[in-house]
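Engineer: Next up is a structure, given as structure tokens.
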Amino acid sequence: MLLVVTYSRTARTDLRNICRAHEDCVVRQFGRAALFSGTEFGAFQALRLYEKHGLDVQIERVEPFEPSDVPEHVRKAAESYEAREEPATPYKRFASGRDLPDPDQLRGVDL
Amino acid sequence: MKLRVTETTYAGTVIDLRTRAVDGKAIAASIRGQRTLPIVSCPEPPSVYAYAGHVHPSMGLRTRTALAAAARSLGHETPQDDAIADCRERLAELDCSTPDLPEPVDPVSDVTIDGLQEAVATHRGRLTARRAVGADDGAVQADLRDAAMELSERETRRAAARETRELRREQARAYRDTLEERRRLSDELANRRRCARATLVDRLSDAFSQAIATVPGSVPDNPFDADPVTAALAVLRVARTPAPVVLETDRFSSPTAASDCLDAPLVRC
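Listed below in structure tokens is the structure:
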């Protein structure tokens, strides 16, 4: 899929118009961004905006995501942290002393 | 004040130009320094003149904004002023010009590189085989050289394409970060200005109600519902008015009465 983000009022208006006129290629619309289908037609609509508004339009490729795409220890960390009993405990403190990864360690590793 | 219309110079606190064919709009613009003719010499008008400096029947008025400007003319300040100035300064410092991204370089596919690497390996194998049997290897050497050269060229192009891509993304991201910052600051500025305006309007609302009741015109239940001319007159009555007000309405019995009511120098057109 293609994520289209607009950075000016005119680009935002045109994005909204395209979303209205071409619902078939719009997966989801947010305020000033939208998710277009990953088809040549989706790319065509995204590129129209880029041609007209240049860098005020950002286009990114978006891949589908499932929790199972992430290593086990990351999933386990999220799961146990959300099940914590003290809501005010920051993750760093929560992780230390348990068999959970340190946040800095997580930050340094590409998915 | 001194005012020069064609050949005649007028002077005084109240100037009546009803017998002259003069455009009130032009005089008001001259007073605000947005025009050079007709020549008007007078003290500098505060910002409230941009809203209420020219009173005429077809005018519109953003009453609250005008009243806030009137409060400013009286020297009122608000707790938001420092933050507003700070926002303005930071906005002015932002460089939002669109960067010139380097031209994109066509990517070289991995398949192409793989194919060429394979070709180089094949030629190299053939060369070794030929040498082992002592056969002529000139043609194979040439093939190997060509393939190796092409491989190296493509690899260079691939590296250049990657580098350019990264550079384009970095510059685009930096530009969009600036746009985001501008958006955030503009929102903040608008919020703070709204807040400051509300504070100023609040401080002058009693004086404004009294002024609405004093100036000629109908008095609505809510003073902020007054028609634009009445509201403008009330705003002027409340404001500090060192510069002449341009008046194009018959509400007052005479220009002098108007000047007295508004406590302002006046040009009647």
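Protein sequences appear in the order of chains A and B.
Heads up, the first sequence is in my numbering, so the first residue is 1 and it goes up one at a time.
Heads up, the second sequence is in my numbering, so the first residue is 1001 and it goes up one at a time.
Ideal placement from N, C-alpha and C gives every residue a C-beta, glycine not left out.
Keep in mind it's a predicted model, so treat the numbers as computed, not measured.
(1) Could you tell me whether the Cβ atoms of A/Asp56 and A/Tyr7 are closer together than 8 Å?
(2) For a contact defined as C-beta to C-beta under 8 Å, what are the partners of A/Gln58 on chain B?
(3) Nearest CA to the CA of A/Lys92: which residue from A/Gln105, A/Ala83 and A/Glu85?
(4) How big is the Cα-Cα spacing for A/Ser80 and A/Phe65?
(5) Jot down the residue ranges of each uninterrupted alpha helix (DSSP H) in the stretch 1082-1132 of chain B, minimum 4 residues, whole runs only, in chain order.
(6) Which whole-angstrom value describes the C-beta separation of B/Leu1185 and B/Ala1147, a residue pair presumed to lie in contact below a C-beta threshold of 8 Å?
(7) Given that A/Gly31 touches chain B, what residues does it touch there, using C-beta distances under 8 Å?
(8) For a contact meaning CB atoms closer than 7 Å, what does A/Tyr50 contact in chain B?
(9) Give me the Cα-Cα distance between B/Ala1008 and B/Leu1061, rounded to the nearest whole angstrom.
(10) Do you know offhand how far B/Thr1128's Cα is from A/Phe41's?
(11) How many Å lie between A/Gly31 and A/Thr13 at the Cα?
(12) In the DSSP assignment, what are the bridge partners of A/Phe36?
(13) Roughly how far, in whole angstroms, is the beta-carbon of A/Val4 from the beta-carbon of A/Phe36, given that I think they are within contact range, below 8 Å?
(14) Using 8 Å as the limit for Cβ to Cβ distance, is B/Ala1167 near chain A?
(15) Using only the alpha-carbon positions, how far apart do B/Thr1063 and B/Val1235 sit?
(16) Could you please tell me which residues of the stretch 22-47 of chain A, in chain order, have their CB closer than 7 Å to any CB of chain B?
(17) How long is the line joining the alpha carbons of A/Ile59 and B/Ala1092, rounded to whole angstroms?
(18) Indicate the three-state DSSP secondary structure (helix, strand or coil) for B/Glu1077 in the structure shown.
(19) Check whether the stretch 1116-1126 of chain B and the stretch 1214-1229 of chain B are in contact - that is, three or more C-beta pairs closer than 8 Å.
(20) Determine whether the beta carbon atoms of B/Asp1106 and B/Ala1161 lie at a separation below 8 Å.
(21) For B/Leu1185, which three-state DSSP category applies?
(22) For B/Thr1098 and chain A, any beta-carbon pair shorter than 8 Å?
(23) Determine the direct distance from the alpha carbon of A/Ala88 to that of B/Leu1189, and round the result to whole angstroms.
(24) Pair every Cβ in the stretch 1189-1204 of chain B with every Cβ in the stretch 1051-1060 of chain B, then say whether three or more of these pairs are closer than 8 Å.
(25) Residues in its own chain within less than 8 Å of A/Glu82 by CB, not counting five upstream and five downstream?
(26) What is the DSSP secondary structure of B/Ala1190, counted as helix, strand or coil?
(27) Just list the residues that DSSP pairs B/Arg1268 with in beta bridges.
Structural biologist: Based on what the coordinates show:
(1) Here residue 56 of chain A refers to the residue found at position 56 of the first sequence. Here residue 7 of chain A refers to the residue found at position 7 of the first sequence. Yes. Within cutoff.
(2) Stepping through the first sequence from its first residue, residue 58 of chain A is reached at position 58. In chain order: Ala1172 and Arg1176.
(3) In the first sequence, residue 92 of chain A corresponds to position 92, counting from 1. Checking every option, the nearest Cα to that of A/Lys92 belongs to A/Gln105.
(4) Locating residue 80 of chain A in the first sequence gives position 80, where the first residue counts as 1. Locating residue 65 of chain A in the first sequence gives position 65, where the first residue counts as 1. For A/Ser80 and A/Phe65, the distance between alpha carbons rounds to 21 Å.
(5) 1110-1132
(6) By one-based count along the second sequence, residue 1185 of chain B stands at place 185. By one-based count along the second sequence, residue 1147 of chain B stands at place 147. B/Leu1185 to B/Ala1147, Cβ: 57 Å. No contact.
(7) Here residue 31 of chain A refers to the residue found at position 31 of the first sequence. What A/Gly31 touches in chain B: nothing, since even the nearest Cβ is about 12 Å away.
(8) Reading the first sequence from its first residue, position 50 is the one you call residue 50 of chain A. Among the residues of chain B, none has a CB under 7 Å from the CB of A/Tyr50; the nearest is roughly 11 Å distant.
(9) Against the second sequence, residue 1008 of chain B aligns to sequence position 8. Against the second sequence, residue 1061 of chain B aligns to sequence position 61. It should be pointed out that residue 1008 of chain B corresponds to Thr in this sequence rather than to Ala. Spanning the two alpha carbons is a distance of roughly 33 Å.
(10) The residue you call residue 1128 of chain B lines up with position 128 of the second sequence. The residue you call residue 41 of chain A lines up with position 41 of the first sequence. Each residue's Cα considered, the two are about 52 Å apart.
(11) Numbered from 1 along the first sequence, position 31 holds the residue referred to as residue 31 of chain A. Numbered from 1 along the first sequence, position 13 holds the residue referred to as residue 13 of chain A. Using only the alpha carbons, I get a separation of about 10 Å.
(12) Here residue 36 of chain A refers to the residue found at position 36 when the first sequence is read from its first residue. DSSP, once it has assigned bridges, lists A/Leu2 and A/Val26 as partnering A/Phe36.
(13) One-based indexing of the first sequence puts residue 4 of chain A at position 4. One-based indexing of the first sequence puts residue 36 of chain A at position 36. Indeed they touch by this definition, with Cβ atoms about 6 Å apart.
(14) As a working mapping, residue 1167 of chain B is identified with position 167 in the second sequence. The question names Ala, but residue 1167 of chain B is Leu in the sequence shown. It does not; no Cβ of chain A falls within 8 Å.
(15) Taking the first residue of the second sequence as position 1, residue 1063 of chain B is located at position 63. Taking the first residue of the second sequence as position 1, residue 1235 of chain B is located at position 235. If you take the alpha carbons of B/Thr1063 and B/Val1235, they lie about 8 Å apart.
(16) Taking a C-beta cut-off of 7 Å against chain B, none of the residues of the stretch 22-47 of chain A qualify.
(17) If you number the first sequence from 1, residue 59 of chain A lands on position 59. If you number the second sequence from 1, residue 1092 of chain B lands on position 92. If I take the Cα positions, the gap works out to 28 Å.
(18) Along the second sequence, one-based indexing puts residue 1077 of chain B at 77. In this structure, B/Glu1077 counts as coil in the three-state DSSP scheme.
(19) The answer is no - the stretch 1214-1229 of chain B does not touch the stretch 1116-1126 of chain B, with fewer than three Cβ pairs under 8 Å.
(20) On the second sequence, residue 1106 of chain B is found 106 positions in, with the first residue counted as 1. On the second sequence, residue 1161 of chain B is found 161 positions in, with the first residue counted as 1. Pairing B/Asp1106 with B/Ala1161 gives a Cβ-Cβ distance under 8 Å.
(21) On the second sequence, position 185 is the one that residue 1185 of chain B refers to. Here B/Leu1185 sits in helix by DSSP.
(22) For the purposes of this step, residue 1098 of chain B is identified with residue 98 of the second sequence, where counting begins at 1. Closer than 8 Å: yes.
(23) For this step, residue 1189 of chain B is matched to residue 189 along the second sequence. For this step, residue 88 of chain A is matched to residue 88 along the first sequence. Distance from the CA atom of B/Leu1189 to the CA atom of A/Ala88, rounded to whole angstroms, is 34 Å.
(24) no
(25) Residue numbering aside, residue 82 of chain A sits at position 82 when the first sequence is read from its first letter. Nothing meets the Cβ criterion.
(26) Here residue 1190 of chain B refers to the residue found at position 190 of the second sequence. If DSSP states are grouped into helix, strand and coil, B/Ala1190 belongs with the helices.
(27) For this step, residue 1268 of chain B is matched to residue 268 along the second sequence. BP columns for B/Arg1268 point to B/Asp1016 and B/Leu1247.
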